[in-house]
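For the sequence shown, my numbering assigns the number 454 to the initial residue and increments by one for each residue that follows.
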Amino acid sequence: MPYSDFDTKKRFARLPALLLPWYAKNARDLPWRRDREPYHVWVSEIMLQQTRVEAVRGYYERFLQAFPTVRDLAEAPEETLLKLWEGLGYYSRARNLQKAAKLIVSQYGGEFPRDYNSVRALPGIGDYTAGAICSICFETSVAAVDGNVLRIAARIAEKDEPIDLPAVKKSVAQSLQEVYPAGHCGAFTQSLMELGACVCMPKVTKCDICPVREICLSHAHGTQATLPKKLPKREKRVEPRTVFLLECDGAYAIHRREGKGLLAGLWQFPNTEGQLSPSDALQAAESFGVKPIELLRETHKTHIFTHIRWEMVGYHIRCREKSEVFLWATPEELQSTYALPTAFRIFLGENT
Ligand code: SF4
Numbered sequence: 454m455p456y457s458d459f460d461t462k463k464r465f466a467r468l469p470a471l472l473l474p475w476y477a478k479n480a481r482d483l484p485w486r487r488d489r490e491p492y493h494v495w496v497s498e499i500m501l502q503q504t505r506v507e508a509v510r511g512y513y514e515r516f517l518q519a520f521p522t523v524r525d526l527a528e529a530p531e532e533t534l535l536k537l538w539e540g541l542g543y544y545s546r547a548r549n550l551q552k553a554a555k556l557i558v559s560q561y562g563g564e565f566p567r568d569y570n571s572v573r574a575l576p577g578i579g580d581y582t583a584g585a586i587c588s589i590c591f592e593t594s595v596a597a598v599d600g601n602v603l604r605i606a607a608r609i610a611e612k613d614e615p616i617d618l619p620a621v622k623k624s625v626a627q628s629l630q631e632v633y634p635a636g637h638c639g640a641f642t643q644s645l646m647e648l649g650a651c652v653c654m655p656k657v658t659k660c661d662i663c664p665v666r667e668i669c670l671s672h673a674h675g676t677q678a679t680l681p682k683k684l685p686k687r688e689k690r691v692e693p694r695t696v697f698l699l700e701c702d703g704a705y706a707i708h709r710r711e712g713k714g715l716l717a718g719l720w721q722f723p724n725t726e727g728q729l730s731p732s733d734a735l736q737a738a739e740s741f742g743v744k745p746i747e748l749l750r751e752t753h754k755t756h757i758f759t760h761i762r763w764e765m766v767g768y769h770i771r772c773r774e775k776s777e778v779f780l781w782a783t784p785e786e787l788q789s790t791y792a793l794p795t796a797f798r799i800f801l802g803e804n805t
């Protein structure tokens with residue numbers, strides 16, 4: 454196991470004494486740090502996966518205003534939930550939150566479970582999130598290891614095994630777990646997160662103000678910029694698409710995506726694979742039964758998903774007839790009511 458050697462363990466053992474006083478002085482005031490309510494910590498941790506802290510703030514506050522308790526979330530209409538999640542991406546996170554909320558209500562009477570295995574068994578909760586919730590809310594000594602913690606560990610111990618290997622994650626978790634300080638587990642988890650977010654960042658390392666620099670081998674040898682190592686990234690698949698903004702009497706045609714796969718069940722503008730020419734796009738619009746009058750605008754946009762890149766051309770077409778194949782929504786309704794993923798919403802600004 455790469456992180457189980459004596460030297461690494463000795464370095465990790467010093468982490469609590471170095472990090473806890475630093476965290477007590479330097480922790481940012483974030484809305485989800487104001488209490489240790491598991492529902493709040495859980496929602497914030499799910500939102501923070503793949504999303505920046507600054508982007509999450511507003512979403513977090515609106516979400517808790519709409520659903521102040523687990524029970525409110527469990528009972529929320531899916532449309533309201535997805536609308537609140539709109540723009541955060543990775544919509545399965547929102548659906549899993551609700552699935553888990555329903556389980557918490559049906560199996561635990563609305564009380565968040567307190568033991569690690571029960572938390573880990575909830576939909577959408579992996580090792581990291583379960584570790585974060587249990588250490589922060591219940592003072593359980595279980596490590597929460599995400600990309601931030603792996604990066605810090607690789608630099609402190611100066612290890613070059615790729616951090617995306619499961620064996621590396623397991624080894625870091627085991628070695629850190631041994632040094633979790635009883636009574637300060639939550640603060641320790643958060644101090645590691647804070648170090649990764651503000652001091653030992655992916656491209657910038659503020660070693661001169663880093664509280665753990667005296668135990669950091671990368672700092673001693675000047676190798677911070679070369680660590681951590683990662684496995685080579687899979688190339689994103691490029692998918693050309695055509696998006697239709699069909700407008701009739703100030704309303705736009707939308708319909709639901711299929712219940713499976715990318716952006717499952719969300720609303721979308723009609724779209725098709727491949728990039729059509731303007732004349733082919735008008736012909737396609739005709740086949741939707743909307744009687745196109747004129748092509749108002751052509752726009753080109755790119756949207757990047759985890760493994761796919763959509764290269765899109767959007768055609769804004771004025772139409773004579775509201776085909777019943779679609780639901781017709783005004784720009785105001787698109788803002789207030791329907792969850793339209795960013796991949797489609799990016800066409801709206803210039804066209805409405
Ligand atoms: S000393 Fe530098 S490289 Fe080491 S943990 Fe701190 S910021 Fe990261």
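The beta-carbon is built from N, C-alpha and C at its ideal position, and this holds for glycine as well.
Element boundaries [beta strand (DSSP E), containing residue 766]:
Taking the sequence shown and counting its residues from 1, one reaches residue 766 at position 313. Residue 766 -> beta strand (DSSP E) spans 761 to 772.
Between the segment 625 to 638 and the segment 599 to 617, do at least 3 Cβ pairs fall closer than 8 Å?
Yes, the segment 625 to 638 is in contact with the segment 599 to 617.
Taking the C-alpha atoms as reference points, what is the distance between residue 683 and residue 744?
Counted from its first residue, the sequence shown places residue 683 at position 230. Counted from its first residue, the sequence shown places residue 744 at position 291. Residue 744 has its alpha-carbon roughly 52 Å from the corresponding atom of residue 683.
Indicate whether residue 707 and residue 796 have their beta-carbon atoms separated by less than 7 Å.
Sequence index remark: in the sequence shown, residue 707 carries index 254 (1-based). Sequence index remark: in the sequence shown, residue 796 carries index 343 (1-based). Remark: C-beta atoms of residue 707 and residue 796 do not approach each other more closely than 7 Å.
Got a sec: is the Cβ-Cβ distance from residue 640 to anything in chain C below 7 Å?
This model lacks chain C altogether; it includes just one protein chain.
When you compare only the Cα positions, how much space is there between residue 563 and residue 508?
Residue 563 sits at position 110 when you count from the first residue of the sequence shown. Residue 508 sits at position 55 when you count from the first residue of the sequence shown. So the alpha carbons of these two residues sit roughly 29 Å apart.
C-alpha gap between residue 718 and residue 794, whole angstroms:
Counting from 1 along the sequence shown, the entry for residue 718 is found at position 265. Counting from 1 along the sequence shown, the entry for residue 794 is found at position 341. Distance from the CA atom of residue 718 to the CA atom of residue 794, rounded to whole angstroms, is 11 Å.
I'd like to know whether the C-beta atoms of residue 598 and residue 455 end up nearer to each other than 7 Å.
The residue you call residue 598 lines up with position 145 of the sequence shown. The residue you call residue 455 lines up with position 2 of the sequence shown. Contact: no.
Residues passing the C-beta test against the ligand SF4 heavy atoms, cut-off 6 Å:
The chain-ordered list of residues whose CB is nearer than 6 Å to some heavy atom of the ligand SF4 reads 605, 608, 609, 652, 653, 658, 659, 660, 663, 665, 666, 669, 671, 672 and 677.
Expressed to the nearest angstrom, what Euclidean distance is found between the alpha-carbon atoms of residue 804 and residue 650?
Here residue 804 is taken as the residue at index 351 of the sequence shown, counted from 1. Here residue 650 is taken as the residue at index 197 of the sequence shown, counted from 1. Note that residue 804 scores 48 on pLDDT, short of 50, meaning its location in the model is unreliable; the coordinates nonetheless yield the value given after this. The straight-line gap from Cα to Cα measures roughly 37 Å.
Buried or exposed by the 16-neighbour rule on C-beta atoms within 10 Å, applied to residue 560:
Counting from 1 along the sequence shown, the entry for residue 560 is found at position 107. It is exposed - the Cβ of residue 560 has fewer than 16 other Cβ atoms within 10 Å.
For residue 752, the nearest candidate out of 761, 738 and 730 (CA to CA)
For the purposes of this step, residue 752 is taken as the residue at position 299 of the sequence shown. It is 730 whose Cα lies nearest to the Cα of residue 752.
Alpha carbon to alpha carbon, how far is residue 721 from residue 640?
In the sequence shown, the residue the question calls residue 721 occupies position 268. In the sequence shown, the residue the question calls residue 640 occupies position 187. Their Cα atoms are separated by approximately 42 Å.
DSSP state of residue 804 mapped onto helix, strand, coil
Within the sequence shown, residue 804 is the residue found at index 351, counting from 1. Only weak support exists for where residue 804 lies, its pLDDT of 48 falling under 50; the value from the coordinates is given anyway. Of the three classes helix, strand and coil, the one that applies to residue 804 here is helix, per DSSP.
For residue 709, the first and last residue of its enclosing beta strand (DSSP E)
As a working mapping, residue 709 is identified with position 256 in the sequence shown. From DSSP, the beta strand (DSSP E) with residue 709 extends over 704 to 709.
Go to residue 695, then tell me how far its beta strand (DSSP E) extends in each direction, as first and last residue.
One-based indexing of the sequence shown puts residue 695 at position 242. That run of the beta strand (DSSP E) goes 690 to 701.
Name the DSSP bridge partner or partners of residue 744?
On the sequence shown, residue 744 is found 291 positions in, with the first residue counted as 1. Checking the DSSP bridge columns, you'll see residue 744 has no partner listed.
How would you label residue 636, buried or exposed, when you count the other beta carbons within 10 angstroms and need 16 or more for buried?
Indexing the sequence shown from 1 puts residue 636 at position 183. By the neighbour-count definition (other C-beta atoms within 10 Å, threshold 16), residue 636 is an exposed residue.
Pick from 478, 533 and 541: whose alpha carbon is nearest that of residue 499?
Within the sequence shown, residue 499 is the residue found at index 46, counting from 1. The shortest Cα separation from residue 499 among 478, 533 and 541 belongs to 541.
Does the pairing of the segment 583 to 591 with the segment 540 to 554 give three or more beta-carbon distances under 8 Å?
By the Cβ rule, the segment 583 to 591 does not count as touching the segment 540 to 554, because fewer than three pairs are nearer than 8 Å.
Please classify residue 783: does DSSP put it in a helix, a strand, or coil?
In the sequence shown, residue 783 corresponds to position 330, counting from 1. Three-state DSSP puts residue 783 in coil, outside helix and strand.
What residue ranges within the segment 471 to 553 form continuous alpha helix (DSSP H) runs of no fewer than 4 residues, ordered along the chain?
You should have 491 to 501, 506 to 519, 523 to 528 and 531 to 538.
Please name the residue in 519, 656 and 689 whose C-alpha comes closest to that of residue 679.
The residue labelled residue 679 in the question sits at position 226 within the sequence shown. The residue with the shortest Cα to Cα distance from residue 679 is 656.
My understanding is that residue 629 touches residue 596, with C-beta atoms under 8 Å, so please give their C-beta distance in whole angstroms.
As a first step, residue 629 must be located in the sequence shown, where it is residue number 176. As a first step, residue 596 must be located in the sequence shown, where it is residue number 143. That pair is a contact at about 4 Å.
Coil, strand or helix - residue 612 by DSSP
Here residue 612 corresponds to residue number 159 of the sequence shown, with the count starting at 1. In the three-state DSSP reduction, residue 612 falls in the coil class, being neither helix nor strand.
Taking residue 724 as the reference, give the member of 764, 758, 460 and 746 with the closest Cα.
On the sequence shown, position 271 is the one that residue 724 refers to. Out of 764, 758, 460 and 746, 764 has the C-alpha closest to the C-alpha of residue 724.
Helix, strand or coil for residue 564, going by three-state DSSP, please let me know.
Taking the first residue of the sequence shown as position 1, residue 564 is located at position 111. Coil at residue 564, not helix or strand.
From residue 644 to residue 776, what does the alpha carbon distance come to, in whole angstroms?
On the sequence shown, position 191 is the one that residue 644 refers to. On the sequence shown, position 323 is the one that residue 776 refers to. Roughly 56 Å separates the two Cα atoms.
Touching or not, the segment 753 to 773 and the segment 691 to 704, by the rule of three or more beta carbon pairs under 8 Å?
Segments in contact, yes.
Would you list, in sequence order, the uninterrupted beta strand (DSSP E) runs of no fewer than 3 residues that lie entirely inside the segment 625 to 654?
For the segment 625 to 654, not a single whole beta strand (DSSP E) run of length 3 or above is found.
Would you decide whether residue 450 is buried or exposed? Buried here means 16 or more other CB atoms lie within 10 Å of its CB.
The structure shown has nothing for residue 450, since the chain only spans 454 to 805.
Same chain only: Cβ atoms within 7 Å of residue 575, ignoring 5 sequence neighbours per side
Here residue 575 is taken as the residue at index 122 of the sequence shown, counted from 1. If we look at residue 575 and ignore the five residues flanking it on each side, its Cβ neighbours are 553 and 556.
Please list the terminal residues of the continuous alpha helix (DSSP H) segment that includes residue 795.
Taking the sequence shown and counting its residues from 1, the one referred to as residue 795 is at position 342. It spans 795 to 798 - the alpha helix (DSSP H) in which residue 795 sits, taken as one unbroken run.
Where does residue 726 fall in DSSP's three states?
Here residue 726 corresponds to residue number 273 of the sequence shown, with the count starting at 1. Three-state DSSP puts residue 726 in a strand.
Inter-residue Cα distance where the pair is residue 525 and residue 537:
Counting from 1 along the sequence shown, the entry for residue 525 is found at position 72. Counting from 1 along the sequence shown, the entry for residue 537 is found at position 84. The straight-line gap from Cα to Cα measures roughly 14 Å.
Can you give me the Cβ contacts of residue 465 inside the same chain, cut-off strictly under 7 Å, excluding the 5 residues immediately before and after it?
Residue numbering aside, residue 465 sits at position 12 when the sequence shown is read from its first letter. Setting aside the 5 residues that flank it on each side, residue 465 is surrounded in the same chain by 628, 629 and 632, each with a C-beta closer than 7 Å to its C-beta; the list follows chain order.
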